[in-house]
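> One structure is given below, represented as structure tokens, and several questions about it will come after.
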Amino acid sequence: MGLPGAGKSVQSGLIRDRLGFHWLSTGQLLRDTKDAEVSAVQQSGALVNDELMFKLVGNELKEVGYDTTFLLDGFPRTVEQAEWLIKHGRENGKHIRLVLYLKVDEKIAIERLGNRGRPDDQAETIKKRQEEARKIEPTLAYLAKQGIRVAEIAANGDVESIFKQIKAAVEGI
Ligand code: AMP
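Numbering (our numbering), first residue to last: 28 to 200.
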């Protein structure tokens, strides 16, 4: 979890390649639907509705298989999504082992997005996405209250310094 620009995608790629997790990015999953309505919501910076999210994530978890170790990137983003994930996991014999919270200064996050050039990285959309990302705090608090370990990662620095902390947190599970 983390603001847009915290480094979630870059770090997820490393976690997949170096630590062997299956990387599931909900932002990418949504872009892959190539659905005009979904694309419009993404480009506005708002969140896609939970009904569709639960369907897409549920299908993907089932398809890849519940015996896989998943890294969920961009999900859950709200308390409702966290509730769903815990319940869905329970029903399928899975649980959340660790939450990685990439903590970054908003200014640095916005600078990073400026270098990326995705259609939802335009100024107005970024503002809206950062606003939506403020739902992270209550979601984190909810997850921690459920007894799930949350590792806070200092994410202002360079890629390797962030990964080093993530690796230590994952190996400490
Ligand atoms: P991301 O690549 O994770 O920054 O996601 C890009 C966009 O996809 C977000 O701004 C949302 O519009 C949508 N999205 C991704 N994950 C979710 C989610 N868990 N719930 C709702 N919308 C999402």
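Backbone N, C-alpha and C fix where the C-beta goes; we use that ideal spot for every residue, glycine too. The structure presented is a predicted model; accordingly, all values stated were derived computationally and were not measured.
1. Nearest to residue 72 by CA position, among 145, 119, 176 and 88, is which residue?
2. Restricting to runs no shorter than 3 residues, where is the beta strand (DSSP E) found entirely within the region 55 to 141?
3. For the region 147 to 179, which segments carrying the alpha helix (DSSP H) assignment without a break, of at least 4 residues, lie completely within its bounds, in sequence order?
4. Please state the DSSP three-state secondary structure of residue 182.
5. Output the boundary residues of the beta strand (DSSP E) element that contains residue 51.
6. Three Cβ pairs or more, each shorter than 8 Å: is that satisfied between the region 94 to 106 and the region 174 to 186?
7. Once the 5 residues before and after residue 98 are set aside, which same chain residues still bring their CB inside 8 Å of it?
8. If you draw a straight line from the C-alpha of residue 45 to the C-alpha of residue 190, how long is it?
9. So residue 40 is in the alpha helix (DSSP H); what residue range does that whole segment cover?
10. For my contact list, residue 136 and residue 57 are in at a C-beta cut-off of 8 Å; report their separation, rounded to the angstrom.
11. Can you list, in chain order, the residues of its chain whose CB lies under 6 Å from that of residue 148, leaving out five sequence neighbours each side?
12. Would a C-beta distance cut-off of 8 Å place residue 126 and residue 91 closer than the cut-off?
13. Out of 156, 88 and 143, which has the shortest C-alpha to C-alpha gap to residue 119?
14. Rounded to whole angstroms, what is the Cα-Cα separation between residue 172 and residue 54?
15. Quick one, are the C-beta atoms of residue 28 and residue 167 less than 8 Å apart?
The answer reads as follows:
1. 145
2. 97 to 100 and 126 to 130
3. 150 to 160 and 163 to 172
4. coil
5. 49 to 52
6. no
7. 39, 42, 43, 48, 49, 50 and 51
8. 10 Å
9. 35 to 46
10. The pair is not a contact, with the Cβ atoms about 20 Å apart (cut-off 8 Å).
11. 140
12. no
13. 88
14. 26 Å
15. yes
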